[in-house]
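Here this note's numbering = 1-based position in the sequence shown + 2.
The structure appears right after this line, and notes come after that.
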Amino acid sequence: QVGTPSEIYDQPATPFVYQFLGNVNAINCRITGGVARAGELTLPAPKLAYLGDSKAVAFLRPHDIAIEPSLAGQGTPAVIRYLSVLGALVRIEAEVGDQLLDIEITRQRLAELQLKIGQVVLLAPRNPRFFLEDDGEAVIPDASI
3 QVGTPSEIYD QPATPFVYQF LGNVNAINCR ITGGVARAGE LTLPAPKLAY LGDSKAVAFL
63 RPHDIAIEPS LAGQGTPAVI RYLSVLGALV RIEAEVGDQL LDIEITRQRL AELQLKIGQV
123 VLLAPRNPRF FLEDDGEAVI PDASI
């Protein structure tokens, strides 16, 4: 892939490039009616409604998953299974159904949220990018939201 470092990081052309450039959650999903579902996890995909019923892999960087301690908001319920402070960043593993998702937040955000292992939280994924499962090399055009 050719482009500036920012272009390649923000819009990787293949799953390989996505994974090569850092930690990423790769989630097998089914897209139907502009929504991608993977077990209990739901990802909005309004630009993909034209696909009908398709298998895909959604890629989400750990910093592109918002986390909220209140269950009153919108999002997917998850259970925090792991917390690790790594300098200014905090690495979190959250369980949604049978999937573990890697999440990164700042230490300041951790202090604000007061998260604990075993706590139920809401996750709101941002900016997923989808690749068709059949030919994993072709990104679905304009699929990020």
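Ideal Cβ positions, reconstructed from N, Cα and C, are used throughout, including at glycine.
Looking from the CA of N25, the closest CA among G77, E114 and E106 belongs to E106. Boundaries of the beta strand (DSSP E) around R131: R131 to L134. Within the same chain, V98, G99, D100 and Q101 come within 8 Å of G41 by CB-CB distance, once the 5 residues on both sides are set aside. Distance from A60 to C31 at the Cβ level is roughly 5 Å; contact confirmed, criterion being Cβ atoms closer than 8 Å. Non-local beta-carbon contacts of P71 in its own chain, meaning distances under 6 Å to residues more than five positions away in sequence, involve L115 and V123 in chain order.
Within the segment 40-110, the beta strand (DSSP E) runs of at least 3 residues that lie entirely inside it are, in chain order, 43-46, 56-62, 67-70, 78-88, 91-98 and 101-108.
By the beta-carbon neighbour count (other beta carbons within 10 angstroms, threshold 16), I119 is exposed.
Non-local beta-carbon contacts of G35 in its own chain, meaning distances under 7 Å to residues more than five positions away in sequence, involve A51 in chain order. With contacts defined as CB atoms closer than 8 Å, G77 and A126 qualify as a contacting pair. Taken atom to atom, the span from the alpha-carbon of E135 to that of T44 is near 17 Å. About 7 Å separates the Cβ atoms of F132 and A38, confirming a contact at the 8 Å cut-off. Under a 10 Å Cβ-count criterion, Y20 is classified as buried, with 16 or more other Cβ atoms of the shown protein chains found around its own Cβ.
L103 places its beta carbon 8 Å or farther from that of A113.
Counting only residues of its own chain and dropping the five nearest sequence neighbours on each side, S86 has a CB closer than 6 Å to the CB of R93.
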